[in-house]
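Visitor: Structure incoming, see below.
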Amino acid sequence: MQITKNKVAAIHYTLRDNKGEVLDTSDGREPLHYLHGAGNLIIGMEEGLEGKSKGDKFELKIAPEKGYGEKDPEMVQKVPRSAFGDQEVKPGMKFSTNQGGVVTVTEVGLDGITVDANHPLAGVELNFAVEVIEVRNATSEEITHGHVHGPGGHHH
Ligand code: ZN
């Protein structure tokens, strides 16, 4: 069975940046289960998985426009030190915003703190090693909901 629209696939993956550093991996976890063709994965990943079958192992190089997008310079902002109260702030720290997003501190200066609201993987070329563990038909309920139920999926 091949991965096409409305199939559920389970995959193992390892994501590296161009320096070979591992950014994310399903190693040691349950494989990732997802409903194909429902926009649950980044575009480049769904394109690369299209037509693949159980047991297939392959590598995918995904450009930012098919991954997490390019960095938007307007999402990098300097905010006053006082916005953080008296807590210690260091580069690399992440804070939730009132709008429900996450910002990463990129620079701590005397007159303000620079935060970046871009996705941490925006502008990054993604190098995936992928293995297809399982492919099955989605249930009609999964197709209606647009996500996977049961093992590795939503429980509700
Ligand atoms: Zn559901």
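One point on numbering: in our numbering, the residue at position 60 of the sequence shown is 65, and numbering is uninterrupted.
We put the beta carbon where it would ideally sit given N, CA and C, even for glycine.
(1) DSSP state of ALA134, grouped into three classes?
(2) As a quick check of your reading: which residues have a C-beta less than 6 Å from at least one non-hydrogen atom of the ligand ZN, in chain order?
(3) Determine the direct distance from the alpha carbon of LYS62 to that of PRO78, and round the result to whole angstroms.
(4) Between GLU64 and ILE8, how many whole angstroms is the CB-CB distance? I'm expecting something under 8 Å.
(5) Does the distance from the CB of ALA122 to the CB of VAL110 come in under 8 Å?
(6) Grab me the residues of TYR18's own chain with a C-beta within less than 6 Å of its C-beta, minus the 5 sequence neighbours each way, in chain order.
(7) Since ILE16 and ILE138 should fall inside the 8 Å C-beta cutoff, what is the C-beta to C-beta distance between them, to a whole number of angstroms?
Guide: Answer, in terms of the structure:
(1) strand
(2) HIS150, HIS152, HIS154, HIS159 and HIS161
(3) 36 Å
(4) Not quite, the Cβ-Cβ distance comes to about 16 Å (not below 8 Å), so this is no contact.
(5) no
(6) SER31, PHE133 and VAL135
(7) 6 Å
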